[in-house]
Amino acid sequence: MPVNDRETVIKVENLDKFFPMKKSVFSVSKHFLHAVDKVNFDIKRGQVLSLVGESGCGKTTTGKTLLKLYEPTNGSITFLNRDVTHLNSAEDRKWFHSRTQMIFQDPFESLNPRKTIFDIVSEPMNIQNFGSLRKREVMVMDILKRVGISPPDAFLWRYPHELSGGQRQRVAIARSLVMKPEFVVADEPTSMLDVSIRTQVMKLMMDLIKEMNMSFLYITHDLAVARYMADEISVMYLGKIVEHAGSEELIKNPLHPYTKALISAVPVPDPEFRRTSVNIKGGIGKPIDPLPRCRFYERCPFAMEICTQKDPELIDVGNDHQVACFLYEKR
Amino acid sequence: MKPLLEIKNLKMYYDTQAGQVKATDDISFTLNEGESMGLVGESGCGKTSVSMSIMKLLPENARILSGHIYFDGTDLVPFSEEQMNRIRWAGISMIFQAAMNSLNPVYRVGDQIIEAIVTHEPNVTFEEARERVGSLYKLVGLDPERMDNYPHEYSGGMKQRAIIAMSLACNPKLIIADEPTTALDVIVQDTILRELEKIQKKLNMSMIYISHDIAVIAEVASKIAIMYAGKIVEMADSVTIFKRPAHPYTVGLMSSFPSIRGEKKDLVTIPGEPPNLLNAPDHCRFAPRCPFVTDECWKQVPPYAEVETAHLVACFHPQNLRKQVSVNASK
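Dropping the structure here:
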């Protein structure tokens with residue numbers, strides 16, 4: 001079935017997440033860090049969307065807000081045609097959280113060192129009060145086998161410190177997928193792993209996504225990884241999505257100056273290849289009370305007067321490719 | 001070209017309660033003046049142990065069992081701590097992993113570099129040292145006026161530049177850069193790598209780059225050594241390594257990297273995990289993961305063989321492999 005005809009699993013409209021900046025104990029904060037600013041996207045069933053950006057660009061905050069680990073400031077989130085922006089009743093929360101999951105970056109910190117592998121993987125079922133102990137055991141064994149922990153019964157009563165980094169991340173993935181979630185946010189799940197292990201885990205996740213027909217938000221700083229994992233890529237810069245397209249389209253035909261810089265900055269494993277050097281300066285700032293103008297303005301080699309006057313909106317340039325840059329606006 | 005650093009059959013083991021950890025086992029290589037070399041391997045393969053042995057910054061339980069480290073013609077292995085102190089910084093300096101965090105937060109950045117100069121060159125006055133720091137700042141692309149700032153006023157990339165300036169402070173002949181850009185974002189990483197390459201050529205220094213990222217090494221090093229489980233398994237100039245890799249591990253490592261260039265290719269995974277170096281076995285250490293393994297590999301450690309001029313490989317089946325690779329490529 002073509003992606004466009006599939007059911008939309010999660011839809012985000014004008015999502016904002018602002019964090020107040022602490023001033024002092026007595027004054028109310030008047031300054032806000034705009035971590036996520038008017039973000040829109042939707043993810044269809046079985047689809048993987050990758051959110052790419054440098055550290056501090058708000059990609060993790062977006063993921064956490066989506067899973068309601070943060071309360072959104074403005075905007076709406078629709079999950080399976082139900083508004084989940086504010087989950088007020090316990091029943092709603094249970095409904096939502098039993099269908100969504102998160103995979104964290106660091107498998108050394110995300111597993112409780114004092115719990116056995118069985119306890120860790122069966123925890124979501126305990127929280128959701130799901131099934132009998134016998135059923136839980138079967139499900140834990142199943143998912144462990146599926147993520148490549150074999151033989152699973154040899155690992156059930158071990159502790160995280162007895163496992164290698166790759167095995168831990170497999171256990172973390174098993175924990176996230178044991179309840180067969182419909183939507184998963186994976187936050188840099190392979191960036192802490194070694195090269196040879198990383199490919200194994202990436203392949204495993206791709207297989208599982210296909211097999212379980214899950215929708216994925218894959219957060220990464222690495223465009224090459226995003227290309228392999230995702231159907232579509234959104235590039236984020238200081239809380240805003242600056243470009244969105246299908247992954248091959250975005251890699252082969254980047255439009256936004258920031259995306260172009262990101263792509264040309266990726267080192268190439270070929271000593272005879274000479275890249276054109278990146279022509280943007282400086283580092284990423286902090287979007288505290290940002291002015292209504294392009295946030296990339298200071299670093300952009302193509303900055304124009306209009307860029308300081310208003311915020312560029314995402315515009316469609318055809319081929320399902322959107323970009324927020326005045327260079328592509330028809331005037 | 002004159003050899004600057006010659007390492008011959010270096011064996012450095014850690015004594016632990018559980019047994020001997022063979023972190024660097026029979027390592028040999030030569031680095032010429034003005035040459036840059038890359039040491040590539042996954043975490044725990046002993047690449048940092050090699051650099052720490054060269055600097056003799058070893059923990060108490062580490063022992064250099066045998067071998068020689070000739071720097072500028074003299075063997076550093078029998079050197080006392082006092083003698084080593086004269087070599088460190090002035091002869092060989094080091095950019096450590098996550099060096100940005102190695103700046104002392106309560107001292108001005110410039111003063112920390114001045115301190116390094118004055119300690120190693122007692123007849124340099126404070127003013128002279130300050131002047132030198134100013135010119136070093138210009139060399140690494142920092143504004144000399146920022147000398148009097150504290151580390152927290154620097155961005156990650158600026159801190160890394162300051163660390164590079166510090167490593168250059170006493171005009172060393174050799175710089176060892178241990179994962180110099182691992183914690184940085186891609187765009188900053190790109191500018192830092194360019195800077196290092198430029199400085200290395202300008203000052204005709206020798207560099208050893210240590211990284212897990214083969215693409216980073218491809219960009220900066222003219223010669224590459226691939227390490228696996230405490231041993232160098234393949235060594236050649238970088239073009240040869242990339243065009244005609246001969247060791248199965250090197251081949252696996254290269255094809256397991258997702259690439260952003262060219263057409264999307266399937267990733268190849270190396271099965272299994274790197275071995276524990278505790279009581280490492282007396283056979284090829286890659287044998288359990290190798291697709292080309294034969295009985296021979298389980299019986300003894302493969303010796304280094306020159307498969308072509310200046311291309312060393314420690315593998316019993318490099319030739320077979322090359323045919324295999326070309327068969328795959330022609331498919």
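Sequence lines, in order, name chains R and L.
Note that UniProt numbering gives residue 311 to position 311 of the first sequence, counting from 1, and the numbers run on in steps of one.
Note that UniProt numbering gives residue 136 to position 136 of the second sequence, counting from 1, and the numbers run on in steps of one.
Glycine included, each C-beta is placed from N, C-alpha and C at the ideal position.
DSSP state of residue i, grouped into three classes?
i: GLU219 of chain L; result: helix
i: SER122 of chain R; result: helix
i: ASN85 of chain L; result: helix
i: ASN101 of chain L; result: helix
i: ARG45 of chain R; result: coil
i: GLU128 of chain L; result: helix
i: ASN328 of chain L; result: Reliability of the predicted coordinates at ASN328 of chain L is poor, the pLDDT of 47 falling under 50, and no value is obtained from them.
i: MET37 of chain L; result: strand
i: LEU65 of chain L; result: strand
i: LYS138 of chain L; result: helix
i: ALA236 of chain L; result: strand
i: PRO78 of chain L; result: coil
i: LYS231 of chain L; result: strand
i: TYR218 of chain R; result: strand
i: GLU115 of chain L; result: helix
i: LEU4 of chain L; result: strand
i: THR62 of chain R; result: helix
i: residue 390 of chain R; result: Chain R is shown only over 1 to 331; residue 390 of chain R falls outside these bounds and no answer can be derived.
i: PHE29 of chain L; result: strand
i: SER196 of chain R; result: helix
i: LEU87 of chain R; result: coil
Per DSSP, which residues does residue i bridge with? Please list them.
i: THR100 of chain R; result: R:PHE183
i: ASP15 of chain L; result: L:GLN20
i: VAL323 of chain R; result: R:GLU243 and R:ILE315
i: MET236 of chain R; result: R:ILE241
i: HIS34 of chain R; result: R:PHE18
i: MET94 of chain L; result: L:ILE176
i: ARG82 of chain R; result: R:PHE79
i: GLU308 of chain L; result: L:HIS311
i: GLU13 of chain R; result: R:SER76
i: VAL39 of chain R; result: R:LEU15
i: MET207 of chain L; result: L:SER36 and L:ILE175
i: VAL106 of chain L; result: DSSP output for VAL106 of chain L lists no bridge partner at all.
i: TYR70 of chain L; result: L:GLU6 and L:ASP75
Measure the CB-CB distance between residue i and residue j and report whether it falls below 8 Å.
i: PRO113 of chain R; j: PRO189 of chain R; result: no
i: PRO301 of chain R; j: PHE242 of chain L; result: no
i: LEU111 of chain R; j: ARG168 of chain R; result: yes
i: ASN9 of chain L; j: GLY67 of chain L; result: yes
i: ALA236 of chain L; j: LEU312 of chain L; result: yes
i: VAL201 of chain R; j: GLY166 of chain R; result: yes
i: VAL266 of chain R; j: VAL178 of chain R; result: no
i: ALA35 of chain R; j: PRO107 of chain R; result: no
i: PHE183 of chain R; j: SER215 of chain R; result: yes
i: MET55 of chain L; j: ILE95 of chain L; result: no
i: ALA174 of chain R; j: ILE209 of chain R; result: no
i: ILE219 of chain R; j: MET21 of chain R; result: no
i: LEU184 of chain L; j: GLU219 of chain L; result: no
i: PHE104 of chain R; j: ASP222 of chain R; result: no
Measuring only between beta-carbons, confirm whether residue i sits less than 8 Å from chain A.
i: ARG285 of chain L; result: Protein chains in the displayed structure are R and L, and chain A is not among them.
Determine the burial state of residue i: buried for a count of at least 16 other Cβ atoms within 10 Å of its Cβ, exposed for fewer.
i: GLY318 of chain R; result: exposed
i: PRO302 of chain L; result: buried
i: ALA287 of chain L; result: buried
i: GLN189 of chain L; result: buried
i: GLN160 of chain L; result: buried
i: VAL327 of chain L; result: Note on VAL327 of chain L: pLDDT 43, under 50, position unreliable in the model; no value is reported.
i: ILE270 of chain L; result: buried
i: GLU234 of chain L; result: buried
i: TRP89 of chain L; result: buried
i: ASP25 of chain L; result: buried
i: VAL251 of chain L; result: buried
### Query
At a cut of 8 Å, does the stretch 246-254 of chain L reach the stretch 302-318 of chain L through at least three beta carbon pairs?
The stretch 246-254 of chain L vs the stretch 302-318 of chain L: in contact.
### Segment contact, 8 Å Cβ cut-off, at least three pairs: the stretch 234-246 of chain R with the stretch 77-93 of chain R
Not touching, per the Cβ criterion.
### Query
At a cut of 8 Å, does the stretch 275-293 of chain L reach the stretch 205-225 of chain L through at least three beta carbon pairs?
The way I'd put it, the stretch 275-293 of chain L doesn't touch the stretch 205-225 of chain L; fewer than three beta-carbon pairs between them come closer than 8 Å.
### Task
Check whether the stretch 131-140 of chain L touches the stretch 176-186 of chain L, counting contact only when three or more Cβ pairs, one atom from each stretch, lie closer than 8 Å.
Judged by Cβ distances under 8 Å, the stretch 131-140 of chain L makes no contact with the stretch 176-186 of chain L, as fewer than three pairs qualify.
### Message
Within 8 Å, do at least three Cβ pairs link the stretch 157-173 of chain L to the stretch 101-118 of chain L?
### Response
The stretch 101-118 of chain L makes contact with the stretch 157-173 of chain L; the number of CB pairs closer than 8 Å reaches 3 or more.
### Query
Okay, do the stretch 231-238 of chain R and the stretch 258-272 of chain R touch, 3+ Cβ pairs below 8 Å being the bar?
Judged by pairs of C-beta atoms under 8 Å, the stretch 231-238 of chain R touches the stretch 258-272 of chain R, as three or more such pairs exist.
### Message
When you compare the stretch 309-325 of chain R with the stretch 189-201 of chain L, are there three or more beta-carbon pairs, one atom per stretch, that lie closer than 8 Å?
### Response
The stretch 309-325 of chain R vs the stretch 189-201 of chain L: no contact.
### Task
May I ask you to verify whether the stretch 49-68 of chain R touches the stretch 9-19 of chain R, counting CB pairs closer than 8 Å and requiring at least 3?
With a cut-off of 8 Å, the stretch 9-19 of chain R and the stretch 49-68 of chain R count as touching, because enough Cβ pairs lie within range.
### Query
Any contact of the stretch 304-313 of chain R with the stretch 72-80 of chain R, i.e. 3+ C-beta pairs under 8 Å?
The stretch 304-313 of chain R and the stretch 72-80 of chain R do not touch, with fewer than 3 CB-CB distances between them shorter than 8 Å.
### Query
Do the stretch 218-233 of chain R and the stretch 246-254 of chain R touch if we need at least three Cβ pairs shorter than 8 Å?
In short, these stretches touch, since the Cβ pair count reaches three.
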